[in-house]
Each structure stands twice: as C-alpha cells, then as structure tokens.
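For the first sequence, the residue numbers in this note's numbering are 96 to 673. What follows is one structure encoded as structure tokens, with my remarks underneath.
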Amino acid sequence: MPAETDFNLKLEAMRHSTAHIMADAVLSLFPDAKLGIGPSIENGFYYDFELPRPLSPDDLPVITARMKEIIKANQPFIYKEANRSDARKLFKNQPYKLELIDEIPDEKIGLYSHGEFVDLCRGPHIDTTGQIKAFKLTSIAGAYWKGDEKRPMLQRIYGLAFTDKKQLNEHLEMLKKAALRDHRKLGKELDLYSIYDEAGPGLVCWHPAGAAVRRTIEDFWKQEHDKRGYSVLYTPHIAKLNLWKTSGHWDFYRDNLYSPMVIDEDEYLIKPMNCLYHILIYNSHKRSYRELPLRFAELGTVYRYEPSGTLHGMSRVRGFTQDDSHIFCRYNQLEGEAVQVLELAMFMIKTFGFEKYQVKLSTRPDKYAGTDEMWESATQTLKDALEKAAIEYEVDPGEGVFYGPKIDIKFEDAMKRAWQGPTIQIDFNLPQRFNVSYIGEDGQEQPAAMIHRTVLGSMERFMACLIEHYGGAFPLWLAPVQVQILPVADRHLDYAKRIEGNLRKELLRVEVDTSSSTVNHKIRRAQMKKVPCMLIVGDKEVDAGTVSVRWRSGEQINNVLPNNLLKDIINKVNERSL
RNA sequence: GCCAGCGUAGCUCAGGGGUAGAGCAACGGUUUCGUAAACCGUCGGUCAAGAGUUCGAAUCUCUUCGCUGGCUCCA
Numbered sequence: 096m097p098a099e100t101d102f103n104l105k106l107e108a109m110r111h112s113t114a115h116i117m118a119d120a121v122l123s124l125f126p127d128a129k130l131g132i133g134p135s136i137e138n139g140f141y142y143d144f145e146l147p148r149p150l151s152p153d154d155l156p157v158i159t160a161r162m163k164e165i166i167k168a169n170q171p172f173i174y175k176e177a178n179r180s181d182a183r184k185l186f187k188n189q190p191y192k193l194e195l196i197d198e199i200p201d202e203k204i205g206l207y208s209h210g211e212f213v214d215l216c217r218g219p220h221i222d223t224t225g226q227i228k229a230f231k232l233t234s235i236a237g238a239y240w241k242g243d244e245k246r247p248m249l250q251r252i253y254g255l256a257f258t259d260k261k262q263l264n265e266h267l268e269m270l271k272k273a274a275l276r277d278h279r280k281l282g283k284e285l286d287l288y289s290i291y292d293e294a295g296p297g298l299v300c301w302h303p304a305g306a307a308v309r310r311t312i313e314d315f316w317k318q319e320h321d322k323r324g325y326s327v328l329y330t331p332h333i334a335k336l337n338l339w340k341t342s343g344h345w346d347f348y349r350d351n352l353y354s355p356m357v358i359d360e361d362e363y364l365i366k367p368m369n370c371l372y373h374i375l376i377y378n379s380h381k382r383s384y385r386e387l388p389l390r391f392a393e394l395g396t397v398y399r400y401e402p403s404g405t406l407h408g409m410s411r412v413r414g415f416t417q418d419d420s421h422i423f424c425r426y427n428q429l430e431g432e433a434v435q436v437l438e439l440a441m442f443m444i445k446t447f448g449f450e451k452y453q454v455k456l457s458t459r460p461d462k463y464a465g466t467d468e469m470w471e472s473a474t475q476t477l478k479d480a481l482e483k484a485a486i487e488y489e490v491d492p493g494e495g496v497f498y499g500p501k502i503d504i505k506f507e508d509a510m511k512r513a514w515q516g517p518t519i520q521i522d523f524n525l526p527q528r529f530n531v532s533y534i535g536e537d538g539q540e541q542p543a544a545m546i547h548r549t550v551l552g553s554m555e556r557f558m559a560c561l562i563e564h565y566g567g568a569f570p571l572w573l574a575p576v577q578v579q580i581l582p583v584a585d586r587h588l589d590y591a592k593r594i595e596g597n598l599r600k601e602l603l604r605v606e607v608d609t610s611s612s613t614v615n616h617k618i619r620r621a622q623m624k625k626v627p628c629m630l631i632v633g634d635k636e637v638d639a640g641t642v643s644v645r646w647r648s649g650e651q652i653n654n655v656l657p658n659n660l661l662k663d664i665i666n667k668v669n670e671r672s673l
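Listed below in structure tokens is the structure:
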C-alpha cells in the first residue's frame, strides 16, 4: 500500500473514531438520544441525532469537555460481530440503527465499542480513544434522515479533526482566510453589488464598481463569441405560458417557475431560460443545411424560484443573467461543435486565471426523453469531442438531464474550492417538440441537433467566483478602477485631472482622489479599494511632466512619462495579464 | 421549504428591563501634507417589522420578514 493512501486511511479512521466518541458524549448527556449515522468527511466528521430538545451552540463546549474525558481515558476500540437477532436486541431502542441493520445483507453485523458505547459499524477505527490529538466541534445543523426531506429531520453536529493541533490550527487559519475573501463581505467593502430586503431576496443590484467589472467581462465575452461565429441575440423577459406548456417546462419545472401573469386575457410567464426564444428565432424561417451550424448566443436574464434557504449572496439567486447559447446543427456536426465549445470553455477558464479543473460526462438518467440509440450516439459524440480536445474526464453515470447527456466543467479557485463552470448539453426534447429542422441536401426536411451551453454560468455566480478567487484584487483589465490618481496637494489637482482625461480617452477606468487628505491616507484608501495602479503627482511630477507610479503590490517607479505608462497599462489590459 | 443561530447609525461592533454608545464613513472647518489612517467639530438610529408581558422593552414572549450555517433542491 502506498504510504499516502495508508496515511489517508488512518486519518479517515481517526475522524470516524472521533464521531463515535462524540456520539458517546452526546448519549451521556442525553441518554434518550436516538443515533443516526456518523461518518468521516473531508477535514472531519459529523454525527446525526434525534434529541429531546434542540441543541444550541452552548452545548458544544459541554459535549467537547465530555469527549476530552473519553479521550483521556484512552479506551480501546474493540471490534465484535453479532448475528442479526442479537444486533436487533442490542439496538432495540435505536430505531435508526434498526433500519440500518435491516439493510445489511450479511448475517454478520459489525459492532465497534469503546468503554460502554457500542455502535453499529464496519470500521475501521484507531486503536484507542487516546490517539485523538486535535478536534473541534464547529456547528449544529438540521439534516434529514437519509437525506430525504420526507423523513424526520435530525440534529447534526459537525466537527473538524486532524492528526495534530498544528494541522487543525492551520485549517482554522485557512477558514479565516477564506472568510476574508467571501464575496458577500468584499461585495460590501468594495461596493460591488447589493441585495435589498425592500426589493426582494435573491435579486442582485450591480453597483457602479461591480457593473464595471461585469461590463468588461461581457464585452470580452461578446468579442470571443464574434470570433467563433456566434450571433449575439436579445430576447424579451416574458413569453406566453403556452410556449412553456409546449416545451414541457411548465409540467416539469413548475415548482421553480414564478406564477403566470395575465395580460389581455393571455397568461405570460417570466422566462426561466432563453432557449425557447432562440428556437422561435431559428424557426422564423425554413433553414437550409448550408446555413448550419447556427450559433445563437445571449446574455439572457432569467428568473427562477429558489427556496429561501438556498439563496447565497450573488452565487445562488433568483434572477440572473446566463451567458447562454444554443447551437443548432446537423447531427454529424455535433462533435465538431462540442470540440469548439470545449476550446472556448478552456480559453475562458484560463483567461480568468483558473488553472485546475475537473470534467464530468453525465449519462442517461432513469427518466429520460428520446430513444436509447439517440442517447448512445450523443453520449459517444461527447466522448469523442472530449478525446479530440484532449481533455481528461470522468463519467458520472445517470447524472444527465432528462433531455440529453451533458459535459460539466468545474474549476478550482485560489482557495481550492470548486465552482460549477461551463456546461454543454445535448437536447433531444425541444427540437422534437418545436419541430426544429432544416432542409437537407436531398431536399427533405431533417431534424436538427441542438446544444445548450454556457461558459461562465451566470454573470452573478461567476462574479462571486471571481471576487473570491482574486480576493477582491481584480487584475488590471477587470478592476473597477484601474488607475487612481493621488494629488499630493490641492495645487496639483489640475495636473491630476489632465492626466485623468488622457487616460480616460483610452477608455481606462480612472479616478482622481480630490479629498483634502494626506498622501498617506489617499494611498491607504486606494490600497483598501484594491486599485491596481496609483499615480502620485506632486510638485516634482508637475515640474517634470511625469507621474510616480505605485502598483498595488507596493512596487514603485518614479519619474515615469505619462505616455510610457499609458503604453504599459494598455499592454497589460490587452494581454489581460493576471 | 426544513432545523438551528443572528438582525443596534451607511459600515464594523459595544450595550441584555430604567429611555442609545464607540470607531470608520459622510458633512463643515483648519491643514496642503511625498508612498497604508492630519486635527477640531457636526450630522446620523421607531435598536428588522408587528403584537404581547411590564409602571417602564433595544433587552423578556409570540408572529412575520431578512440574513448566516447546514439539509433538501439547483433544467
């Protein structure tokens, strides 16, 4: 066994053992507690309980103290096997354990004990409770038994566990650092966006600074789509309900749609997606095989009902703008189109500074539209495309959408957290329902193939991701304010404004700090706003016709001619350097 | 939607039955300053909203709304 695997197994066993000790501690405080499950998870463990009263955060130190006693007692973990009926007797007051026992096919039931505590468990565990060196109970949460919202909600206690205190502390430090990058915190501090109680949850307002970043992303996005033969469209925000009845969305996704509104005796729906309008445009006239593929793209704003408990800053919202596209093509063009989308996706990910990513191919789910042959061939097409694009991937069996197989790409940010990125989905359902077709070389009507795809996902979630990835310190090309000019004293204001005008002519985002603060204070404010480039202008600069440059990194270059600086900045912007 | 916690000034937070507090920001003035916080002053709050308990509620109770951490969900 490789040393690393061995180490990970031991770590997992230790975390799982900590969960047992926590269950033991909880039982000693609540003798009537019903136990759920208590696995090891990334960085720690949890255990689910049904308790006579709700837990509060004040309970955690008490449970922790009891756990420490158990650890100090250094009790051995002992494995035993029991037959089914003995196990049922042992857990006769533990309904959840009984349910688990009934699901074990084997007649031999594994039991692990330490001290008086016995748990249904196949292990493995560490040798004794004393081997646990560093843990911390972190939070209480509700969790449905077996993850099923129709079953009772148990109380879950989460904890962290590491091989030693140092690693635990490092992990806690990492969490602190991650919290500092939280897009909700930075969104407020950098005045990027807001959500108003008065207006409604999950509805994002982009402030000037955030909007500047978004516009830069959108302009870039449009250029790249133009280069690749897309047509960028605009479509309305509402459409007749009938359209969504025809598509099947009304039946399938009703829980996530907003109630229809009546206009002139017709019912209208605010759109949850852009594809139907793109289909209407496709179907606006007969299409020839010669004009395919048609690549319709739109930064289309859609509205979906998300349960209140799932909303999260900008990353999970109720109104959002998808960087959407629908590609209509012949079946034999599907692979080529998928390859091109993958290329675009990879280019975008890289440009925004993400290096690591993970690709999943999701295959046919239990409930599906289309025929088995269609699924097989389309799935193969996506596989071929991935191979042609030389992208490594994993298959996620049964995770496809009901209307077709898909490729999902997740990328990792600077804090090693995964974000849902580009997705490519083949659709068998809509083309059929709306008779999406073209006239082939033989003069006969042929069914067209359809791909849904997004690269960034939604502007809102992508922005959240960028904020956290860069910790608010956007690279020059994206920064809301690219250059902040800091006059040393009021008499340098005119010169500062002249420089500002020159930079602005080149479409750079520039501001002059006109306050009467000290230079130190102006620098501090610009640094806290994370402006990439500061220009200090005082007597020396005015006399020499130069500027002093201070980059956000602290790097300083004095006596720079404004034209040289301008060239440098424009280069960096055009290269989109990070 | 479900479980738990939290909502005090624009922001960050203190105060936890006796009538509202700090720092930053904003505004006014003084200062005109050289690479991460000049000085003085002023403004600013139905303590999320509503109901109740009380002589008296920001504080205790209930309801509603919102947020946070999870669970479920995410075309």
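The beta-carbon is built from N, C-alpha and C at its ideal position, and this holds for glycine as well. What you are looking at is a predicted structure, and each value in this text was computed from that prediction instead of being measured.
Whole alpha helix (DSSP H) elements within the segment 558-644, 4-residue minimum = Complete alpha helix (DSSP H) runs here, min 4: 588-600, 614-623, 634-639.
query = Roughly how many angstroms lie between the CA atoms of residue 408 and residue 279, to the nearest whole one?
reply = About 6 Å.
ask   = Quick one: is residue 214 buried, meaning 16 or more other Cβ sit within 10 Å of its Cβ, or exposed?
value = With 16 or more Cβ atoms within 10 Å of its Cβ, residue 214 is classed as buried.
query = What does a CB cutoff of less than 7 Å around residue 218 pick up in its chain, not counting 5 residues either side in sequence?
reply = Taking C-beta separations shorter than 7 Å and ignoring five residues to either side along the sequence, the partners of residue 218 in its chain run 174, 205, 207, following chain order.
task = Decide if the segment 625-641 is in contact with the segment 587-596; the criterion is three or more beta carbon pairs, one per stretch, under 8 Å apart.
result = Counting Cβ pairs under 8 Å, three or more are found: they touch.
task = Going by CA-CA distance only, name the one from 181, 246, 137, 230 that's closest to residue 117.
result = By alpha-carbon distance to residue 117, the top candidate from 181, 246, 137, 230 is 230.
ask   = Tell me the DSSP bridge mates of residue 507?
value = 513.
task = Taking only the alpha-carbon atoms, compute the straight-line gap between residue 96 and residue 108 and give it to the nearest angstrom.
result = Confidence at residue 96 is low in this model, with a pLDDT of 49, below 50, so the placement of that residue is unreliable and no value is reported for it.
request  = Note the first and the last residue of the continuous beta strand (DSSP E) segment covering residue 300.
outcome  = That run of the beta strand (DSSP E) goes 299-301.
key: Close beta carbons around residue 258, own chain, < 6 Å, minus the five adjacent residues each side   = Within the same chain, and ignoring the five residues on either side of residue 258 in sequence, no residue has its Cβ closer than 6 Å to its Cβ.
task = Confirm, please, whether the CB-CB distance from residue 595 to residue 580 is below 8 Å.
result = Yes.
message = Using the Cβ count rule (16 or more neighbours within 10 Å means buried), how would you classify residue 447?
response = It counts as buried.
query = So, is residue 471 buried or exposed, given that buried needs 16 or more other C-beta atoms within 10 angstroms?
reply = Here residue 471 is exposed: its Cβ has fewer than 16 other Cβ atoms, across all protein chains shown, within 10 Å.
Neighbour-count burial assignment, residue 52, 16 or more Cβ in a 10 Å radius = Within the shown structure, residues of the chain are numbered from 96 to 673, placing residue 52 beyond reach of any answer.
task = Select from 615, 131, 451, 672 the residue whose C-alpha is nearest the C-alpha of residue 188.
result = The shortest C-alpha separation from residue 188 is found at 131.
ask   = Does the beta-carbon distance from residue 392 to residue 420 come in below 8 Å?
value = Cβ distance < 8 Å, so residue 392 and residue 420 count as in contact.
message = Residues in the same chain with beta-carbon distance under 6 Å from residue 474, minus the five sequence neighbours each way, listed in chain order, please.
response = Counting only Cβ-Cβ distances below 6 Å, and skipping sequence neighbours, we find 458, 500.
query = Between which two residues does the alpha helix (DSSP H) harbouring residue 180 extend?
reply = Unbroken alpha helix (DSSP H) run through residue 180: 179-185.
query = For residue 376, which of helix, strand or coil comes out of DSSP?
reply = The answer is helix: DSSP assigns residue 376 an H, G or I state.
Residue span of the alpha helix (DSSP H) that contains residue 288, given as start and end = Annotation for residue 288: no alpha helix (DSSP H) segment contains it, though the beta strand (DSSP E) segment containing it runs 288-290.
ask   = Comparing alpha-carbon positions, which option in 620, 126, 288 lies nearest residue 611?
value = Among 620, 126, 288, the Cα nearest to that of residue 611 belongs to 620.
request  = Indicate whether residue 232 and residue 313 have their beta-carbon atoms separated by less than 8 Å.
outcome  = In this structure, residue 232 lies away from residue 313, with their beta-carbon atoms at least 8 Å apart.
Pick from 305, 374, 445, 209 that is closest to residue 504, judged by C-alpha positions = Here the closest residue by C-alpha is 445.
request  = Ignore the nearest five residues each way along the sequence and tell me which others in residue 176's own chain have a CB closer than 8 Å to its CB.
outcome  = 203, 204, 205, 206, listed in sequence order.
query = When burial is assigned at 16 or more other CB atoms within 10 Å of the CB, is residue 380 buried or exposed?
reply = Exposed, because fewer than 16 other Cβ atoms sit within 10 Å of the Cβ of residue 380.
ask   = In angstroms, rounded to a whole number, what distance separates the CA positions of residue 509 and residue 164?
value = Rounded to whole angstroms, the separation of the alpha carbons of residue 164 and residue 509 is 39 Å.
ask   = What is the residue span of the beta strand (DSSP E) that residue 189 lies within?
value = Going by DSSP, residue 189 is part of no beta strand (DSSP E) at all; its letter is neither H nor E.
DSSP three-state assignment for residue 458, whether helix, strand or coil = DSSP places residue 458 in coil when its eight states are reduced to three.
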